[in-house]
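Since the structure comes first, as structure tokens, the remarks are kept for the end.
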Ligand SMILES: Nc1ncnc2c1ncn2[C@@H]1O[C@H](COP(=O)(O)OP(=O)(O)OP(=O)(O)O)[C@@H](O)[C@H]1O
Ligand SMILES: [Mg+2]
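Protein chains in written order, with the UniProt record's numbering: chain A, 1 to 251; chain B, 1 to 443.
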């Protein structure tokens, strides 16, 4: 069975149609890339999968392991294994990153009927993962995303992903803002999480990321839907030719 | 005199009679205080500094003098409400009176630190006490300072002189022990004098003997006069966490000399009415004042911070950041005035008030004000009122936190953010622990 199945998804914001029939099936263990022009609805799709409100779903469904997500609260989706690495991670003054991470880990443990994580165990776990992803210890003490550089925010998102061990992770432009070395570190982090029962949707504007995280499938997203699907070579074609073929009126 | 303030005057007169002063000048000052209060009565909302805080209900209350109070259970309950600062030497004051039997003996014998009850200090050297009372403040200006001055007898005098070894932090536990059924009036006075080059960390916890929800009606009208000599330093942490019925009016009058630093932080969590009147004079070049704080007010609570910071010398710095969380029908008030005198060039003065409104019934009134007579200054003030950040809420939920936990974390973060301004780790931890305790108790 598909891990994620999106069927004919239509959604609007303030009466404006943004998603216009998204169909997407992702099998367990697969990495799909989603590429497409600015403002066509990629982040909207991500937010809707994660359960953000403010959108009106006018048609269609989203299934995780055959179960509809649409009626579920965001936290329940997260606990069911959905993870979104935000295009624009939110700054939360006053809440230390480590406090936040511990709360997130404990929410999962509670849902699994386990007790809260032991303080030492938590530190060990977080420090080890943070080190792998080049997240400095001082960032863990600082408030969530406050004063983090663009690249640091993205590393912190991937650190969260590594700690949450999701079933399905969406990386919404996680490569934007990363320098060349960081891109490799983050891609290694993602690759380390690839497993037969975990799937990814990687949203990016650049083929470079996809040379590190090699996708199984590449989709072109335009006008609120997937307009073409192919293999990794499609990303190279887009890099060379742009989106003129898909945007109707060539820009 | 307005008949309305009668009960306050009667109890104050009784206090005068119960503790007569031998010193003529202070006796005269008491009389002056009573005359000033009687002449003006309770302030009304036409009084600029009382525009947003109604004290007229005090007229309906029949006050009595406070009992001795302070039995073992009262003390234990009070301690649970207070800040927990390990290592600080504790002085317990029940209904305004020092209780040496409940205090750390070492607090009274520290080298370089002299601590006396106010009445002992008056008996020792009345002129010195009179000099320490904030003369700058006209009694007519704050009726409650006038009333407190009229009652002058309970309280504490702390004097610190420079020693090779830093003084151990002092923790004053102000306990209101109000017997149920009666409204007690408590009017202590605190004098703090930090001599040239000396330093002190002073922690104060204003708490109730009966804890959160219970406890009789009370009015604590506490005045603190603080004098910092050249290059002196006072770190001053206050917690206002009295029981639900309690009313607390505090006035702080601080005179800060050349190069001295007043580093204040006040956290207000409990009490029906908590009003802090802060009046700070920066009197010598390089003097510095920080008047930061955080507060929370729910249904039945009114928290008012009204400050006046007077830059009377060049190269002085003042900073005031205040954050408040308002829930239910809670109400917050911030009136801040920074005055920069003509002589006060190179002044650095900043004020900021941020409020988080958690309900429709909550309300906040802010009035920051700058009056500047010098031309080379850096001053700013601002006020912002908002609700919980929806994006942040979604972010936390998307990481698996349920909405209640997410909200609590954001509220705690909002308040903790300003506690960051306290530089000492132990003090910061004590404050954030109280905020955490408060959040746990409201859920
Ligand atoms: N809350 C909203 N209200 C109104 N319009 C919105 C809202 N959210 C998104 N939109 C609009 O929906 C469209 C799709 O936005 P979205 O962020 O999903 O694009 P995107 O494909 O992720 O673009 P990019 O590649 O630039 O990140 C845009 O035109 C955007 O302005
Ligand atoms: Mg986007």
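All C-beta atoms in this analysis are idealised placements derived from N, C-alpha and C, irrespective of residue type, glycine included.
Asked, Found
"From residue 305(B) to residue 171(B), what distance separates their C-alpha atoms?", "22 Å"
"Scan the region 231-295 of chain B and note each continuous beta strand (DSSP E) run of 3 residues or more that stays entirely inside, going in chain order.", "233-241, 246-256, 261-270 and 273-282"
"Among residues of its own chain, excluding the 5 on either side of residue 238(B), which ones have a beta-carbon nearer than 6 Å to its beta-carbon?", "204 and 266"
"Would the beta-carbon of residue 16(A) be found less than 7 Å away from any heavy atom of ligand 3?", "Of the ligands this structure carries, namely ligand 1 and ligand 2, none is ligand 3."
"By the criterion of Cβ-Cβ separation under 8 Å, what are the contact partners of residue 265(B) in chain A?", "The premise fails here: residue 265(B) is roughly 15 Å from chain A at the closest Cβ pair, so nothing lies under 8 Å."
"So for residue 90(A), helix, strand or coil by DSSP?", "coil"
"Mind checking who residue 335(B) pairs with in its DSSP beta bridge?", "306(B) and 367(B)"
"For ligand 1, is there a heavy atom less than 7 Å away from the beta-carbon of residue 38(A)?", "yes"
"Check each residue of the region 383-401 of chain B: if its Cβ is closer than 7 Å to any Cβ of chain A, include it; give the result in chain order.", "391, 392, 394, 395, 397, 398, 399, 400 and 401"
"Return no unless some Cβ of chain A is closer than 8 Å to the Cβ of residue 405(B).", "yes"
"Taking only three categories from DSSP, how would you classify residue 204(B)?", "strand"
"Who's in the neighbourhood of ligand 2, going by beta-carbon under 7 Å from any heavy atom, listed in chain order?", "42(A), 43(A), 87(A), 172(A), 173(A) and 203(A)"
"Count the other CB atoms within 10 Å of the CB of residue 173(A); is the residue buried (16 or more) or exposed (fewer)?", "buried"
"Pick helix, strand or coil for residue 190(B), following the three-state DSSP scheme.", "strand"
"Quick one: which chain B residues come within Cβ less than 9 Å of residue 86(A)?", "395 and 398"
"When DSSP labels each residue in this structure, what does residue 191(A) get in the three-state scheme?", "helix"
"In this structure, does DSSP put residue 422(B) in helix, strand or coil?", "coil"
"Taking only the alpha-carbon atoms, compute the straight-line gap between residue 295(B) and residue 234(A) and give it to the nearest angstrom.", "57 Å"
"Taking 8 Å as the threshold (C-beta atoms), are residue 170(A) and residue 26(A) in contact?", "no"
"In chain A, which residues lie with their C-beta within 8 Å of the C-beta of residue 249(B)?", "Result: empty, since nearest Cβ-Cβ is about 29 Å, beyond 8 Å."
"Which of the three DSSP states, helix, strand or coil, is assigned to residue 136(B)?", "With a pLDDT of only 45 at residue 136(B), under the threshold of 50, the placement of this residue in the model should not be trusted; the figure read from the coordinates follows. Of the three classes helix, strand and coil, the one that applies to residue 136(B) here is coil, per DSSP."
"Pull up the distance between the alpha-carbon of residue 132(B) and that of residue 223(B), whole angstroms please.", "12 Å"
"Within its chain, find whatever has a CB closer than 6 Å to the CB of residue 111(B); leave out the 5 residues flanking it on each side and keep chain order.", "163"
"Leaving out five residues on either side along the sequence, give the residues of the same chain with a beta carbon under 8 Å from the beta carbon of residue 342(B).", "373 and 374"
"Using the beta-carbon of each residue, which ones in chain E are nearer than 9 Å to residue 28(A)?", "Within the model displayed, chain E is absent; protein chains A and B are what it includes."
"Can you list, in chain order, the residues of its chain with a C-beta nearer than 7 Å to that of residue 351(B)? Leave out the 5 residues immediately preceding and following it.", "320, 336, 338, 368 and 381"
"Spell out whether any CB of chain A is found under 8 Å from the CB atom of residue 293(B).", "no"
"Assuming residue 44(A) and residue 11(A) form a contact by the criterion Cβ under 8 Å, report the distance between their Cβ atoms to the nearest whole angstrom.", "7 Å"
"Could you name each continuous beta strand (DSSP E) segment of 3 residues or more that falls completely within the region 88-143 of chain A, going from the start of the chain to the end?", "92-96"
"Against chain A, does residue 332(B) count as a neighbour if the rule is that its beta carbon must be under 8 Å from one of theirs?", "no"
"Under the rule that 16 or more other beta-carbon atoms within 10 Å means buried, what is residue 86(B), buried or exposed?", "exposed"
"Who are the near neighbours of residue 250(A) in its chain, counting only those whose CB is closer than 8 Å to its CB and skipping five residues on each side?", "With a pLDDT of 36 at residue 250(A), under the threshold of 50, the predicted position of this residue should be treated as unreliable, and no value is reported."
"Identify which residue in 22(A), 59(A), 1(A) and 30(A) has its Cα closest to the Cα of residue 168(A).", "30(A)"
"Give the residues of chain B in contact with residue 227(A), contact being defined as C-beta atoms less than 9 Å apart.", "Here the premise fails: no neighbours, minimum Cβ distance about 28 Å."
"Is residue 271(B) closer than 8 Å to residue 289(B) when the C-beta atoms are compared?", "no"
"Which residue wins for smallest C-alpha separation from residue 147(B), given the options 439(B), 181(B) and 6(B)?", "6(B)"
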